[in-house]
Amino acid sequence: MQNATEQPNTIRSYYEGLANGVFRAIACKSCGRYTFPPTGCCEHCGSWNVEPAELSGEATLLFATHNITPACHPRFEKIAPYVYGHLQLKEGPIVQAIVVGVKATPQDLRELFERGPVPAKAETLQMDDLPVLAFRVTG
Amino acid sequence: MTNTLRERVAISGVGCSRFGDLLETPELKGTSIQELTARAVKEALDDAGVSAQDVDAVFAGNAMVASSQLPGTYTQLSKWIGTQFKAGVHFEAQCSTTNVGAALAAMSIAAGVYDTVLVYGVETTRTKVKQFSPYEREPISHQQTWLWTDMAVNQAYGVPQGYDIFSTYNGLVALGYCRKYGISIEDFDRGMFELCRTRRLHGSMTPKANIQEKLEDRAAREGFSDPYDYWQSDKHNPFVAWPSRLLSLVTTADGASAMVLTRADLAKQGKSEPVEFKGFGISYSDLPWYGDDPTYWEFDKRAIDAAFGMADIKAADIDYLHTHDCSHISSICTAETIGYLEAGKGLAAARDGQLRFDGNRPMSTHGGRHAFGHAWAASAGSDTYEAVLQMRGKAGARQIPRPPRVSVIHTHGYAMIGTVVVLGSL
Ligand SMILES: [Zn+2]
Chain A
-7 MQNATEQPNT IRSYYEGLAN GVFRAIACKS CGRYTFPPTG CCEHCGSWNV
43 EPAELSGEAT LLFATHNITP ACHPRFEKIA PYVYGHLQLK EGPIVQAIVV
93 GVKATPQDLR ELFERGPVPA KAETLQMDDL PVLAFRVTG
Chain B
407 MTNTLRERVA ISGVGCSRFG DLLETPELKG TSIQELTARA VKEALDDAGV
457 SAQDVDAVFA GNAMVASSQL PGTYTQLSKW IGTQFKAGVH FEAQCSTTNV
507 GAALAAMSIA AGVYDTVLVY GVETTRTKVK QFSPYEREPI SHQQTWLWTD
557 MAVNQAYGVP QGYDIFSTYN GLVALGYCRK YGISIEDFDR GMFELCRTRR
607 LHGSMTPKAN IQEKLEDRAA REGFSDPYDY WQSDKHNPFV AWPSRLLSLV
657 TTADGASAMV LTRADLAKQG KSEPVEFKGF GISYSDLPWY GDDPTYWEFD
707 KRAIDAAFGM ADIKAADIDY LHTHDCSHIS SICTAETIGY LEAGKGLAAA
757 RDGQLRFDGN RPMSTHGGRH AFGHAWAASA GSDTYEAVLQ MRGKAGARQI
807 PRPPRVSVIH THGYAMIGTV VVLGSL
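So this is what it looks like as structure tokens:
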């Protein structure tokens, strides 16, 4: 029987990072920009000359709405309706993710909308089978 | 990249089935998926005045193979449409499928490889094969439809972490639009009501539409004297992604569409009035589809510029526009990016009736994704079908008073293939 070594897997590494509160990306040595979540090449310039990077998780929440009920994916049935946000990370990438700590009601979402962009911080939301990225408003 | 078609290409025939549900819609109930496709193909071939054996190649589109169970679509359907022994391929560009197929056909004709190409798309988003039956179907749950459909969306990170089409395509875009142009949530809601009313009016005049009931009639049937009260009722029109409501969204459908493309000189000898396929543009993007401004989508802009460059047209030349309106607010943003509507004024144009078939900025005269319905791989073909009917002056009650000479059809193939097609009078 051959001895097969487990190969590096970027997707697995990202979720394993999330489980420990680490937000993994790649940084491009050609153009200097980040690809988040990570792939094997730069999403901006197509360069393969990239290296692993960790992002701060600091972000600005630009807009927040909510998802449909029942959720499109069974993983999120339990928490639907949840708030879903459009954010810009301090390091540049635009991200869409679940927002925790805000109720998915027209009243709460309207109040948030009227405040304009607000600071937010990434955290890990542990679902039954997978840790996922989430953000919490911090200011 | 020269971005040119070296020979002139025409659409010589178009066909489309009724859109609806193979288990319950009149004209569709009990129909097999094979016969559904054949219906659209036969109409297109008859319209072009050719037989299936007159075509050189067949590009067969189907996106959600889990419900159709028809991979190898070209061979499985060949004996149902008469195209045995032709060149062919099964392809998908999700909800842009049929128009991407038209672009592939145009390229193959302009390159001199084929003279005449049949493109068709078939999709069943409401029904699926029942167990192992060759002919019985059963409904698909809402969640199953989206689970299968979202397989076309980022499966590494987007979908596993809570991506939701209604949030991404509707709610966030709506909020971006309101903030950018200083539109109140109340004015937004009223504008979306008027837009839906227009789409439903168009559907009511389209015999092949999924929904043929005007919004006002539906409201009255539910006991509302003011249709805006119906619009605002949580029971009938809940927020699916605040501030976007249910009736601003797609309605799923089973359906099929087809078209015949040929050399322009051959088309002139055909049976029906041909329409020139003047140009196309295609550009795609993975999530996120927009940067800090949810109203501006770079891949759409690139597709628009490529298509307009190939066809040598400007926004001011457009007489009829369809933009992908799976999300009504996104369709307005795209029309504004194209320059057909003034930036920030799209909802006002809807309120003023400008987007109606008899207005000065007609859009989605078949009813669009909401009223005509959405059968993923077949839908772009249904939009082209409508544009061709309008250009021929054959659109019946919803005919644009002065038949368009230049039509532009924009579609979003999930997720996302921005596809723009320019049609012109030959
Ligand atoms: Zn780079």
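One line per chain: the protein sequences are A and B, in this order.
Here our numbering is used: the first residue of the first sequence is -7, the next is one more, and so on.
Here our numbering is used: the first residue of the second sequence is 407, the next is one more, and so on.
Ideal Cβ placement from N, Cα and C applies to all residues, glycine included.
- Non-local C-beta neighbours of B:ALA444 in its own chain, meaning closer than 8 Å and more than five positions away in sequence, comprise LEU483, TRP486, ILE487, ordered along the chain.
- Contact annotation: B:PRO809 and B:MET797 have beta-carbon atoms nearer than 8 Å.
- Counting only the Cα atoms, B:ALA558 lies some 18 Å from A:PRO29.
- Taking 8 Å as the CB threshold, A:PRO44 stays off the interface with chain B.
- For B:LYS485, the uninterrupted alpha helix (DSSP H) run begins and ends at 479 to 487, by DSSP.
- At least 8 Å separates the CB of B:PRO633 from every CB of chain A.
- Here the distance from the Cβ of B:ARG762 to the nearest heavy atom of ligand 1 is not below 7 Å.
- Proximity of the region 418 to 438 of chain B to the region 769 to 789 of chain B meets the contact definition, three or more beta-carbon pairs being nearer than 8 Å.
- What A:ALA112 touches in chain B, judged by beta-carbon distance under 7 Å, is nothing: the nearest beta carbon there is about 14 Å away.
- Restricting attention to beta strand (DSSP E) runs no shorter than 3 residues, the region 509 to 556 of chain B encloses them at 522 to 530, 533 to 535, 543 to 545, ordered along the chain.
- Counting only Cβ-Cβ distances below 9 Å, A:VAL129 has no contacts in chain B at all, with the closest Cβ about 15 Å away.
- With the criterion set as a beta carbon lying under 8 Å from some beta carbon of chain A, the members of the region 524 to 555 of chain B are HIS548, GLN549, TRP552, LEU553, in sequence order.
- Contact between A:GLY93 and A:ARG67 is absent: CB atoms are separated by about 20 Å, not below the 8 Å threshold.
- Comparing alpha carbon positions, the residue from B:ALA713, B:THR668, B:THR817, B:ALA466 closest to B:ILE515 is B:THR668.
- Scanning A:PHE15, A:GLU46, A:ALA126 for the CA closest to the CA of A:GLY77 turns up A:ALA126.
- A:ASN41 is outside the set of residues whose beta carbon lies under 8 Å from a beta carbon in chain B.
- Contact annotation for B:LEU578 against chain A: LEU54, PHE55, ALA56, THR57, TYR76, GLY77, HIS78, GLN88 [CB-CB distance below 9 Å, chain order].
- Take B:PRO768, set aside five residues on each side of it, and the residues of its chain with a beta-carbon closer than 6 Å to its own are TYR726, ILE806, in chain order.
- B:SER650 carries a strand assignment under DSSP once its states are collapsed to helix, strand and coil.
- Cβ-Cβ distances below 7 Å link B:TRP554 to MET470, ALA472, SER473 in the same chain, with the five nearest sequence neighbours on each side left out; the list follows chain order.
- For A:PRO29, the residues of chain B that pass the 8 Å Cβ criterion are ALA562, TYR563, in the order they occur in the chain.
- Along the region 804 to 819 of chain B, none of the residues has a CB nearer than 8 Å to a CB of chain A.
- A:ILE3 and A:THR31 have their alpha carbons spaced roughly 8 Å apart.
- Contact annotation: the region 671 to 689 of chain B does not touch the region 603 to 610 of chain B, with fewer than three C-beta pairs closer than 8 Å.
- Under the DSSP assignment, B:THR437 falls outside any beta strand (DSSP E); it carries neither an H nor an E label.
- Residues of chain B whose Cβ lies closer than 9 Å to the Cβ of A:ARG102 are, in chain order, ILE591, TRP648, PRO649.
- The closest heavy atom of ligand 1 lies 7 Å or more from the beta carbon of B:HIS642.
- Annotation: the continuous alpha helix (DSSP H) that includes B:ALA713 extends over 704 to 717.
- Separation of B:GLU742 and B:PHE497 (C-alpha to C-alpha, rounded to the nearest whole angstrom) is 31 Å.
- In this chain, B:ILE589 is not harboured by any alpha helix (DSSP H), its DSSP state being neither H nor E.
- Among the CB atoms of chain B, none fall inside 8 Å of the CB of A:ILE18.
- When DSSP states are grouped into helix, strand and coil, B:HIS772 belongs to the coil group.
- With respect to the 8 Å criterion, B:TRP782 and B:THR431 are not classified as neighbours on the basis of their beta carbons.
- Between A:PHE68 and chain B, the shortest Cβ-Cβ separation is below 8 Å.
- Against B:ASP706, chain A offers no close residue; the least beta-carbon distance is about 16 Å (beta-carbon pairs closer than 8 Å).
- With fewer than 16 neighbouring CB atoms inside 10 Å of its own CB, A:GLU69 falls in the exposed class.
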